[in-house]
Structure formats: C-alpha cells, structure tokens
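Let me begin by presenting the structure, written as structure tokens, before commenting on it.
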Amino acid sequence: MPEPVAAGSGKGYNQGHEARVTQRVAVLVVDDEEEFCRWLSKDFERRGYACATALDSKAALGVLSAGRVDVMLLDIALRSESGLELLKKARRDHPGVQVIMLTGNGTVRTAIEAMKQGACDYLAKPVDLAELCQAVERAGGEARMRRENDLLRREIERRDRFQEFVGRHPSVEEVRRLARKAAAADSPVLVCGETGTGKELVARMIHAESPRRHGRFLAINCAALQESLLESELFGHEKGSFTDAGRFKPGLVELADDGTLFLDEIGSMSPATQAKILRLLDSGEYRRVGGVDDLRNSSRVVSATNQDLAAAISVGRFREDLLYRVNVVTIRVPPLRERLDDVPLLAEHFLDKFHALGTRGRKAMSPQAMEALMRYPWPGNVRELENVVERAVIMAEGPRIEPSLLCLPGASSCAAVPFETATLAEVEKAHVLAVLARAGGNRAKAASMLAISVRTLYNRLREYGLD
Ligand SMILES: Nc1ncnc2c1ncn2[C@@H]1O[C@H](COP(=O)(O)OP(=O)(O)OP(=O)(O)O)[C@@H](O)[C@H]1O
Ligand SMILES: [Mg+2]
Numbered sequence: 006m007p008e009p010v011a012a013g014s015g016k017g018y019n020q021g022h023e024a025r026v027t028q029r030v031a032v033l034v035v036d037d038e039e040e041f042c043r044w045l046s047k048d049f050e051r052r053g054y055a056c057a058t059a060l061d062s063k064a065a066l067g068v069l070s071a072g073r074v075d076v077m078l079l080d081i082a083l084r085s086e087s088g089l090e091l092l093k094k095a096r097r098d099h100p101g102v103q104v105i106m107l108t109g110n111g112t113v114r115t116a117i118e119a120m121k122q123g124a125c126d127y128l129a130k131p132v133d134l135a136e137l138c139q140a141v142e143r144a145g146g147e148a149r150m151r152r153e154n155d156l157l158r159r160e161i162e163r164r165d166r167f168q169e170f171v172g173r174h175p176s177v178e179e180v181r182r183l184a185r186k187a188a189a190a191d192s193p194v195l196v197c198g199e200t201g202t203g204k205e206l207v208a209r210m211i212h213a214e215s216p217r218r219h220g221r222f223l224a225i226n227c228a229a230l231q232e233s234l235l236e237s238e239l240f241g242h243e244k245g246s247f248t249d250a251g252r253f254k255p256g257l258v259e260l261a262d263d264g265t266l267f268l269d270e271i272g273s274m275s276p277a278t279q280a281k282i283l284r285l286l287d288s289g290e291y292r293r294v295g296g297v298d299d300l301r302n303s304s305r306v307v308s309a310t311n312q313d314l315a316a317a318i319s320v321g322r323f324r325e326d327l328l329y330r331v332n333v334v335t336i337r338v339p340p341l342r343e344r345l346d347d348v349p350l351l352a353e354h355f356l357d358k359f360h361a362l363g364t365r366g367r368k369a370m371s372p373q374a375m376e377a378l379m380r381y382p383w384p385g386n387v388r389e390l391e392n393v394v395e396r397a398v399i400m401a402e403g404p405r406i407e408p409s410l411l412c413l414p415g416a417s418s419c420a421a422v423p424f425e426t427a428t429l430a431e432v433e434k435a436h437v438l439a440v441l442a443r444a445g446g447n448r449a450k451a452a453s454m455l456a457i458s459v460r461t462l463y464n465r466l467r468e469y470g471l472d
C-alpha cells in the first residue's frame, strides 16, 4: 500500500488561520435606503473595511450565511420586517457577528430592546460618521478577538483526537498511526472493516485532524439511497431537473469543497454513480443532476466499506479503477474478536460515557461480568459492546454490573429483561429508562421523546422507585 505524502498537500490550508485572523474588518450595512447604503459603503471601503450592503432582511441573511461578517449595521426600521426580528435571527444563527443598531428619532425604547437582544451598540440617525466609524472599529476589534479565541479553543479541543479511538492492541495502534498520516495528507482514504468496528469514527478523526478541519464533514450512506436520489444528494440538482425538484439544491460534493466527503458503504454504489465519482476523483469535475455545466471541486473523499471490494470487483459489481482511486491510503479496522484484550478498556470507556450522560452513580463491571465480556465473540463489534454496556447501566440497580445484566446471547441466564417472558410493565420500564439515559437525564426531553407528558414520566419514575 502506498504511504501517503507528508503534510502540506492541503494547499494553503495550513496558513488558514493567520490569514483569517488578520483579514480586514468586514461590515454589512442593512438599510432600506439605497442611497444611504451606497454612501456608507463607499466611505467604509475608503477606510479599508470590506463592506457589503443589503436592502432587506432576506438579503442580509443571505450575506450572513454566505460569508464572514464581523459587524452588521442594522436599521431598526426596515420596511419589510422589523430590524429587531433580523437582530434576533442573526444573534441565533451567527452569534459571532457584532450588531450595531441604527435608530431613528424617538425610538430609544426600541434601542434598549435591541441592546437586550444582544446588539453591541446603537447610534441615532442621522449618523455622525466619525462616531459611527469609532463604533465599527470597536465592534470589529471585539469580533476579531472572539474569532481568535474561538480558533484557540478549537485548537485545544482537537488536540489528541486520535485518543478517542480507544484500544492498545497493536492493530489499533496501527489504525491510529495510519489515520494520523492520512490526516496530514489530502489523498483519498478507504476505511475497511466489519460492521460496528468504528469506521465512521476513524473517518471523523481524520477530518478533525486534517488541515480541512475548519471545513465541513459531510457523510452519506451509499447503501441507504437509491441511485437517482444518491446522485442528487451527492452532486446537487438544478431547478426542475425532476418532478419534485422545485428549486436548485447544492450537493454534498459542493458543500464539502473545503472539507471532507465521507462515502459510507461505497461498495453499494451503482455502476453509473461509480463512474461519476471516478470522474470527480480523476479530474475534480462533476455535473449537477439536470445540469449541463461541468463544475470543479476539490473536496477530499474518505470512503468506508464493510464489503470485500476485491470480491465485488471479481463479479463486476465494483470498478477496479475506482478502487485504486479511493484506496490511496487503506485503513483496516480490526474486528473486536481479534483484540479481545481491548474489551475491558472499551467497557470502561463506555461506562464513563453513559455515566456522564445519566444522572445516577457510576457503575462498575464485576470481575465475572468483565470475564464474560472477554469471552464473547462480538459479531456486532464495538457498537454491540457499547449497546450491551448501555443496557446494563440502565438496568443495574446497584453500583455493580453482574454477568446476568449483560444479556449476552448464548449466556445461560439473563436477569435484566428476558424479553420472551417479560411482562409489559418490565419492557416498558426498560424502554423508559433507556430513553431517559439517551436524553442525558433530561426529563422534559425524555417525555417528549416518549410522547408522554412530563407528569406521566414523573409518575412512572416514582412507580419504579426512581424519582
Ligand atoms: N475504538 C473505539 N473507541 C471508542 N469508541 C468506538 C471505537 N470503535 C467504535 N466506537 C464506537 O462504536 C460505535 C460504532 O462505530 P462506527 O459507527 O464508527 O462503526 P462503523 O464501522 O461505521 O459501523 P457500520 O459498518 O455499522 O456503519 C460508535 O458509537 C463509535 O463511537
Ligand atoms: Mg458506519
């Protein structure tokens, strides 16, 4: 297998942050007076700001989602919609943007309301240009500082992402080593392994550690969608390209341009789609469904498969040339039965995880339970182990998990919920508790997931002796 090239092939991404941080302040002026917008933007450009304008809130939201805005100057009295409404949306969806409100005469109360909603400043119209520039300078500085902090925080958070892939077996060390190399390169990666071995986790780690980490990680399961839908999801479609294509929609390929596209279960892709992906990987070119233009793109492709692609090639279901495109780096994730020594470590990892999600004390495996876990062949791999631990944590009354709580198939007894003989009440209790754990112990959320009232949930928990 060819080794990936070392860092640096991610053209320019490494210098990304500095460039982003030192960029000039970007201002968006939102006002329904076209003349005013033009006048301000001219002046701002002269002062070295990047400036965009919008005449209504729809256009403003478009600019906000399309790119980087540091400071938004917002007229409180827009014709189409109240400026306050736009302020609310901007604060919710683009919290990094600093908003300065422009108010007319006699709207002091609205100005106060605006400050409460998160505007950082307000100025009365007609504006004093010098005053306005000072306010923009201040807000721009604040926005820049936040952005830098954000980058630093993400930098710290992402350190050692590969440790998330738990295990000490040499085959797991090898997975981490290859993933690390793959993250530094920009070449396609193929992650193979049985179901539940952690292929998607590996793909996400590679993205999170790669120079593209500020771009998006977009996953699509090629086995879950039929051909035409898969192609429209991947490549996007033009308006009217098929019956319910009411409007243009960009595809994942396009959205992952500076990020990573994760093609899960690539072995299930139809021959026609395979040809299109091959073209994308070969030349970076693709076409939207119903489109006539060839578009170019440089998204990174990580694929996964639990099928034997060599066998699929031999029966003509998978293209050999595509395999050599997607597997520039191949990472084989070993099944859990080949590394049973890692089971205790993984079990502890999941005990911590479900403890953190729930509200009760941390559980521990009894030595016998741990032994049982290490004897089981784990056909569903790590995902199955995760589920077994989750169920046991939910069902355990005391701090220790005994083997009978694990409900491993083939085990002689299963005390938790022997479903064949369980009463409806027992099954209900198990389900309610599982949902509660999934909701992180949040009762309102659990109640809504169960489609019952919070009070009913409280009553049930009291019946179980758990309120
Ligand atoms: N080594 C590991 N350390 C910690 N968690 C793991 C590990 N491997 C897998 N997991 C967890 O197990 C679950 C299943 O992993 P994942 O979805 O990545 O598997 P997969 O190989 O993509 O499965 P499938 O083939 O069914 O799609 C996830 O919750 C994942 O976080
Ligand atoms: Mg998967």
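Residue numbers (my numbering): 6 to 472. All C-beta atoms in this analysis are idealised placements derived from N, C-alpha and C, irrespective of residue type, glycine included.
### Message
Taking the beta strand (DSSP E) that GLN279 belongs to, which residues open and close that run?
### Response
Here GLN279 belongs to no beta strand (DSSP E); instead the alpha helix (DSSP H) covers 276-288.
### Task
Just the C-alpha distance for VAL35 and GLU90, rounded to the nearest angstrom, thanks.
Their Cα atoms are separated by approximately 13 Å.
#### Entry: Residues bridged to MET77 [DSSP beta-bridge criterion]
Note: MET77 sits in a beta bridge opposite LEU33 and VAL104.
### Task
May I have the straight-line CA-CA distance separating CYS419 from LEU429, to the nearest angstrom?
With a pLDDT of 48 at CYS419, under the threshold of 50, the predicted position of this residue should be treated as unreliable, though the coordinate-derived value follows. When only Cα atoms are considered, CYS419 and LEU429 end up about 17 Å apart.
### Task
Identify which residue in GLY201, SER308 and PHE240 has its Cα closest to the Cα of ASP298.
The residue with the shortest Cα to Cα distance from ASP298 is PHE240.
### Task
Report the option in LEU466, VAL76 and ALA82 whose CA atom is closest to the CA atom of LEU60.
Ranked by Cα distance from LEU60, the first of LEU466, VAL76 and ALA82 is ALA82.
#### Entry: GLY272 vs LEU235 beta-carbon contact at 9 Å
The answer is no: Cβ separation not under 9 Å.
### Task
Would you check if the distance between the CB atom of PHE355 and the CB atom of GLU402 is smaller than 9 Å?
Not closer than 9 Å, so no.
### Own chain partners of SER458 with C-beta closer than 7 Å, once the 5 adjacent residues on each side are dropped
Counting only Cβ-Cβ distances below 7 Å, and skipping sequence neighbours, we find ALA452.
#### Entry: Residue range of the beta strand (DSSP E) that includes TYR127
TYR127 -> beta strand (DSSP E) spans 126-129.
#### Entry: Alpha-carbon spacing of ASN311 relative to LYS47, whole angstroms
In a straight line, the C-alpha of ASN311 is about 58 Å away from that of LYS47.
### Query
Going by beta carbon distance, what residues of the same chain come within less than 7 Å of ALA277, once the five residues before and after it are set aside?
Annotation for ALA277: GLU232 place their beta carbon closer than 7 Å to its own, counting only its chain and skipping 5 residues before and after.
### Task
Report the three-state DSSP secondary structure of ASN332 (helix, strand or coil).
Coil.
### Task
Could you please go through the chain and list the residues whose beta-carbon is closer than 7 Å to any non-hydrogen atom of ligand 2?
Residues with a Cβ closer than 7 Å to any heavy atom of ligand 2, in chain order: LYS204, GLU205, ASP269 and ALA309.
### Query
Can you list, in chain order, the stretches of the beta strand (DSSP E) that have 3 or more residues and sit fully within the region 334-408?
Those beta strand (DSSP E) runs which fall completely within the region 334-408 and span 3+ residues are 334-337.
### Buried or exposed (CB count within 10 angstroms, at least 16 for buried), TYR469
Residue environment analysis places TYR469 among the exposed positions, since fewer than 16 neighbouring C-beta atoms fall within 10 angstroms of its C-beta.
### Query
Can you tell me whether ASN464 is buried or exposed, with buried defined as 16 or more other CB within 10 angstroms of its CB?
Within 10 angstroms of the beta-carbon of ASN464 lie fewer than 16 other beta-carbons, which makes it exposed.
### Query
Taking DSSP as the reference, what is the three-state secondary structure of SER418?
Low confidence applies to SER418: its pLDDT is 47, below 50, so where it sits in the model is not reliable enough to give any reading.
### Query
Leaving out the 5 sequence neighbours to the left and right, which residues in its chain are closer than 6 Å to CYS42 when beta-carbon positions are compared?
Cβ neighbours of CYS42 beyond the five flanking positions: VAL34, ASP36 and THR58.
### Task
Can you have a look at MET150 and say buried or exposed, based on whether 16 or more other CB atoms are within 10 angstroms of its CB?
Counting the other CB atoms within 10 Å of its CB gives MET150 a total below 16, which places it among the exposed residues.
### Query
With C-beta atoms as the reference, is LEU128 less than 9 Å away from LEU107?
Taking C-beta atoms as the reference points, LEU128 and LEU107 count as a pair closer than 9 Å.
### Task
State the start and end residues of the unbroken alpha helix (DSSP H) segment that holds LEU66.
Start and end: 62-71.
### Task
Could you tell me whether the Cβ atoms of ALA65 and LEU79 are closer together than 9 Å?
Closer than 9 Å, so yes.
### Task
In the DSSP assignment, find the unbroken alpha helix (DSSP H) run with ALA246 in it and report its ends.
One detail in the question is off: residue 246 reads as Ser in this sequence, not Ala. Counted as a single uninterrupted DSSP element, the stretch harbouring SER246 is not any alpha helix (DSSP H), since DSSP gives it neither H nor E.
### Message
Can you tell me whether THR200 is helix, strand or coil according to DSSP?
### Response
THR200 falls in the coil class under three-state DSSP.
### Query
Once you ignore the five residues that flank GLY88 on each side, which residues in its own chain have a CB closer than 6 Å to its CB?
For GLY88, the CB contacts under 6 Å within the same chain, skipping 5 residues up- and downstream, are LEU79, ASP80 and ILE81 in chain order.
### Query
Are the CB atoms of LEU195 and LEU283 nearer to each other than 9 Å?
No, the pair does not count as a contact, with Cβ atoms beyond the cut-off.
### Query
Just how far apart, CA to CA, sit ALA456 and LYS358?
When rounded, the distance between both Cα atoms is 26 Å.
### Query
Would you say ALA31 and TYR54 are within 9 Å of each other, going by their C-beta atoms?
Yes, these two residues count as a Cβ contact at 9 Å.
### Message
Let's see if you can read the secondary structure: which residues bound the alpha helix (DSSP H) around ALA449?
### Response
Residues 448-455.
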